[in-house]
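Colleague: Residues 699 to 1086 in the working numbering are what the sequence shown lists, from first letter to last. For each residue, glycine too, the CB sits at the ideal point set by N, CA and C. One structure is given below, represented as structure tokens, and several questions about it will come after.
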Amino acid sequence: MKILFLVYHGFSDYSGISKKIHYQVKGLRENGHDVRLCYYAFSPEGHRCRYIDGQVIQDYGKGRLAAVRQRIDYRCVYDYCLREGIAFVYARSFHNANPFLIRFFRRLRSKGIVAVTEIPTYPYDSEYTHDYGWSVRLGVFINKQYRQQLAQTMSAIVTFSDEQEIFGQQTIRISNGVDMDSTPLHPAFPQLSNPLHLIGVAEVHYWHGFDRLIAGLGAYYQQPSKVKRDVIFHIVGGVDETYMIGNSKQIGFQTLIDRYDLKDKVIFHGALFGAELDDVFNQCQFAIGSLGRHRSGITRIKTLKNREYATRGIPFIYSEQDEDFDHQSYVLKAPADESPINICDIIDFVDSQSWNPTVIRHSVDHLSWKVQMQKVVESVFPTHQLKE
């Protein structure tokens, strides 16, 4: 089957979202589908362009008019779908519903082309706080006005939540997947390692709740004790200044570091990928998932990060409900509240057994992107249709 995978932005070597999209495309191709990846990015000359598999299909030019055109003009994608015989469009929501996008998908449907939209996180309204600029808030407002109509142009909404219906449209419920080929296995763990190194990888937002971990470190180091295990927290990924100084959703990282004198206990690496990321991972014995999803109104979610940690073979902690991991022996659950994380609980958990990275990794074999993406295809196109 010919599939167009449609995203409304470009890619970055440092972005977990970028990696995920490429893994999804790979998963579809591993199932025998002919997949074309359509995305928007800047050309080397600074032009705003829409690409398919590296080839420009529309050059919108430069300036404000070009910025507007790329948001409303999808004729190049429509023409490509008809010309190339695309049967299925898999779109990844960018919270960008508008009348022009609705018209585009209605035109596809009128030609018999099936479409679904993936909403990576749901619900998401509370993710957009007043800390965002006016342009973002305007986009969010427009999206709210039209997302229900956009959903009706789809055959289904793909979600990683347990919701059976989103914006009045039926859902296809899958898990975030993993790509074994691109994720190195963690080396064997030394017993009772000192210091204990923790790692949290994210393009940091308030719902990651890393402030809870830092506050927990502060409480831990303030406890009177003759012998105290040294614990270091490595944060890998971009951290906006608002999260360092604090905002309406969380205490600032730097505020906590100064309060508890943790300048040598919390290390900010910035965005890393490849060998540099692997080197930091291999130094650590325990990983930190999301600790603040309750802040954005989310109870159940199947996050990509939990699956990446398991694929590497490292035990981890998180606070939401995730049916794929809630009962795994290598997972430590944190309460979904604002309490500081108990560092002694992490130490006891890490020391409780000898962790086998290979065993942890094999527990997510069924979560490969090949399996998860084929679930989407078979939900939209019954198996007998795929064989015809």
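What three-state label does DSSP hand threonine 1056 in the structure shown?
Modeller: By one-based count along the sequence shown, residue 1056 stands at place 358. Residue state, collapsed to three classes: helix.
Colleague: Kindly indicate which three-state DSSP category threonine 953 falls into: helix, strand or coil?
Modeller: Counting from 1 along the sequence shown, the entry for residue 953 is found at position 255. DSSP places threonine 953 in helix when its eight states are reduced to three.
Colleague: With which residues is cysteine 747 paired in a DSSP beta bridge?
Modeller: In the sequence shown, counting from the first residue as 1, residue 747 sits at position 49. Ala739 and Asp757.
Colleague: Confirm, please, whether the CB-CB distance from glycine 990 to lysine 1003 is below 8 Å.
Modeller: Here residue 1003 refers to the residue found at position 305 of the sequence shown. Here residue 990 refers to the residue found at position 292 of the sequence shown. Result no, Cβ atoms of lysine 1003 and glycine 990 do not sit closer than 8 Å.
Colleague: Over the uninterrupted beta strand (DSSP E) stretch that includes phenylalanine 984, give me the two end residues.
Modeller: Here residue 984 corresponds to residue number 286 of the sequence shown, with the count starting at 1. Run containing phenylalanine 984: 984-986, per the beta strand (DSSP E) assignment.
Colleague: Pull up the distance between the alpha-carbon of tyrosine 919 and that of serine 716, whole angstroms please.
Modeller: In the sequence shown, the residue the question calls residue 919 occupies position 221. In the sequence shown, the residue the question calls residue 716 occupies position 18. Their Cα atoms are separated by approximately 37 Å.
Colleague: Can you tell me whether tryptophan 905 is buried or exposed? The criterion is at least 16 other CB atoms within 10 Å of its CB, across all chains shown.
Modeller: Sequence index remark: in the sequence shown, residue 905 carries index 207 (1-based). Buried, because 16 or more other Cβ atoms sit within 10 Å of the Cβ of tryptophan 905.
Colleague: Can you tell which of Ser1050, Phe802 and Ile949 has the C-alpha that lies nearest to the C-alpha of leucine 888?
Modeller: Taking the first residue of the sequence shown as position 1, residue 888 is located at position 190. According to the sequence displayed, residue 888 carries proline and not leucine. Looking at the Cα atoms, Ser1050 is the closest of the given residues.
Colleague: Taking three-plus beta-carbon pairs below 8 Å as touching, is the stretch 933-945 in contact with the stretch 854-873?
Modeller: Too few Cβ pairs lie closer than 8 Å, so no.
Colleague: Using 10 angstroms around the beta-carbon of glycine 708, count the other beta-carbons present and answer buried if the total reaches 16, otherwise exposed.
Modeller: In the sequence shown, residue 708 corresponds to position 10, counting from 1. By the neighbour-count rule (16 or more Cβ atoms within 10 Å), glycine 708 is not buried but exposed.
Colleague: For alanine 765, which option in Gly744, Glu782 and Gly907 has the closest C-alpha, if you only look at C-alpha atoms?
Modeller: As a working mapping, residue 765 is identified with position 67 in the sequence shown. Alanine 765 has its Cα closest to that of Gly744, out of Gly744, Glu782 and Gly907.
Colleague: Over what stretch of residues does the alpha helix (DSSP H) that includes arginine 927 continue unbroken?
Modeller: As a working note, residue 927 is residue 229 in the sequence shown. That residue, arginine 927, is in no alpha helix (DSSP H); it is neither H nor E in DSSP.
Colleague: I'd like the list of long-range same chain contacts for isoleucine 1039, defined as Cβ closer than 7 Å, with 5 residues on each side in sequence excluded.
Modeller: Reading the sequence shown from its first residue, position 341 is the one you call residue 1039. Answer for isoleucine 1039: Arg910, Leu911, Gly914, Leu989 and Ala1032, listed in chain order.
Colleague: From what residue to what residue does the alpha helix (DSSP H) around phenylalanine 1047 run?
Modeller: The residue given as residue 1047 occupies position 349 in the sequence shown. Element bounds for phenylalanine 1047: 1041-1049.
Colleague: Distance, Cα to Cα, histidine 1082 vs alanine 785?
Modeller: Translated into positions along the sequence shown, residue 1082 becomes position 384. Translated into positions along the sequence shown, residue 785 becomes position 87. A caution first: histidine 1082 carries a pLDDT of 45, below 50, which makes its placement in the model unreliable, though a value can still be read off. Distance between the alpha carbons of histidine 1082 and alanine 785: 16 Å.
Colleague: Looking only at C-alpha atoms, which of Pro797, Ile1012 and His895 sits nearest to alanine 849?
Modeller: Within the sequence shown, residue 849 is the residue found at index 151, counting from 1. Selected option, being the one with the closest Cα: Pro797.
Colleague: Run the CB neighbour count on threonine 1056, radius 10 Å, all protein chains shown included, and call it buried at 16 or more, exposed below.
Modeller: Residue 1056 sits at position 358 when you count from the first residue of the sequence shown. Exposed, by the Cβ-count rule.
Colleague: Given a threshold of 16 other Cβ atoms within 10 Å of its Cβ, counted over all protein chains shown, does phenylalanine 951 qualify as buried or as exposed?
Modeller: Residue mapping note: residue 951 aligns to position 253 of the sequence shown, counting from 1. By the neighbour-count rule (16 or more Cβ atoms within 10 Å), phenylalanine 951 is buried.
Colleague: Give me, in chain order, the residues of the same chain whose beta-carbon lies closer than 8 Å to that of glycine 783; leave out the 5 immediate sequence neighbours on both sides.
Modeller: Start at 1 with the first residue of the sequence shown, and residue 783 comes out as number 85. Once the five neighbours on either side are set aside, the close Cβ partners of glycine 783 are Lys700.
Colleague: For glutamine 983, which residues in the same chain have their Cβ closer than 7 Å to its Cβ, ignoring the five residues on either side in sequence?
Modeller: Start at 1 with the first residue of the sequence shown, and residue 983 comes out as number 285. Within the same chain, glutamine 983 has close Cβ partners Phe887, Ser891, Leu894, His895 and Val1048.
Colleague: For alanine 1034, I'd like the list of residues in its chain whose CB is within less than 6 Å of its CB, leaving aside the five on either flank, ordered along the chain.
Modeller: Position 336 of the sequence shown, counting from 1, holds the residue named residue 1034. Here the set comprises His992 and Ser1017.
Colleague: Under three-state DSSP, which class holds valine 1062?
Modeller: Taking the first residue of the sequence shown as 1, we reach residue 1062 at position 364. Valine 1062: coil per DSSP, three-state reduction.
Colleague: Measure the alpha-carbon distance for proline 1080 versus arginine 781 and round it to whole angstroms.
Modeller: The residue given as residue 1080 occupies position 382 in the sequence shown. The residue given as residue 781 occupies position 83 in the sequence shown. One C-alpha to the other measures close to 25 Å.
Colleague: With a CB to CB cut of under 7 Å and the five nearest residues on each side skipped, what residues in its chain are close to lysine 809?
Modeller: Here residue 809 corresponds to residue number 111 of the sequence shown, with the count starting at 1. Around lysine 809: Leu780.
Colleague: Please return the same chain residues whose Cβ sits closer than 8 Å to the Cβ of glutamate 1006, not counting the five positions on each side in sequence.
Modeller: As a working note, residue 1006 is residue 308 in the sequence shown. Closer than 8 Å at the Cβ level, and outside the excluded window around glutamate 1006, lie Gly714, Val876, Thr881 and Val899.
Colleague: Can you pull the DSSP bridge partners for aspartate 790?
Modeller: Residue numbering aside, residue 790 sits at position 92 when the sequence shown is read from its first letter. The question names aspartate, but residue 790 is arginine in the sequence shown. DSSP lists Glu816 as partners of arginine 790.
Colleague: Check whether the Cβ atoms of valine 812 and leucine 704 lie closer than 8 Å to each other.
Modeller: As a first step, residue 812 is located in the sequence shown; it is residue number 114 there, counting from the start. As a first step, residue 704 is located in the sequence shown; it is residue number 6 there, counting from the start. No, they are not a contact pair.
Colleague: Leaving aside the five residues before and after tryptophan 832 along the sequence, list all residues of the same chain whose C-beta is less than 7 Å from its C-beta, in chain order.
Modeller: The count along the sequence shown starts at 1 and reaches residue 832 at position 134. Hits under 7 Å: none found.
Colleague: Could you have a look at glutamine 868 and say whether DSSP puts it in helix, strand or coil?
Modeller: The residue you call residue 868 lines up with position 170 of the sequence shown. Three-state result, glutamine 868: strand.
Colleague: Of all the alpha helix (DSSP H) runs that stay within the bounds of the stretch 962-1028, which reach a length of 4 or more residues?
Modeller: Listed in chain order, they are 973-981 and 1002-1010.
Colleague: What residue from Tyr758, Arg746, Asp1043 and Tyr844 has the CA that sits closest to leucine 1030's CA?
Modeller: Counted from its first residue, the sequence shown places residue 1030 at position 332. Measuring from the Cα of leucine 1030, the nearest candidate turns out to be Asp1043.
Colleague: What first and last residue would you give for the alpha helix (DSSP H) that runs through valine 1069?
Modeller: Start at 1 with the first residue of the sequence shown, and residue 1069 comes out as number 371. Counting along the chain, the alpha helix (DSSP H) containing valine 1069 begins and ends at 1067-1078.
Colleague: Establish whether the CB of serine 716 and some CB of chain B are separated by less than 8 Å.
Modeller: Considering every chain present, this structure includes no chain B. It has just one protein chain.
Colleague: Going by the CB atoms, is the gap between valine 1078 and serine 791 shorter than 8 Å?
Modeller: Working through the sequence shown from its first residue, we reach residue 791 at position 93. Working through the sequence shown from its first residue, we reach residue 1078 at position 380. Taking 8 Å as the Cβ cut-off, serine 791 and valine 1078 do not qualify as a contacting pair.
Colleague: Going by C-alpha to C-alpha distance, which of Trp1067, Arg927 and Arg748 sits closest to isoleucine 770?
Modeller: The residue given as residue 770 occupies position 72 in the sequence shown. Cα-wise, what sits closest to isoleucine 770 is Arg748.
Colleague: Can you give the beta carbon distance from phenylalanine 1023 to alanine 985, rounded, assuming they're within the 8 Å contact cut?
Modeller: To locate residue 1023, count along the sequence shown from 1; it is residue 325. To locate residue 985, count along the sequence shown from 1; it is residue 287. Not confirmed; about 12 Å, so no contact.
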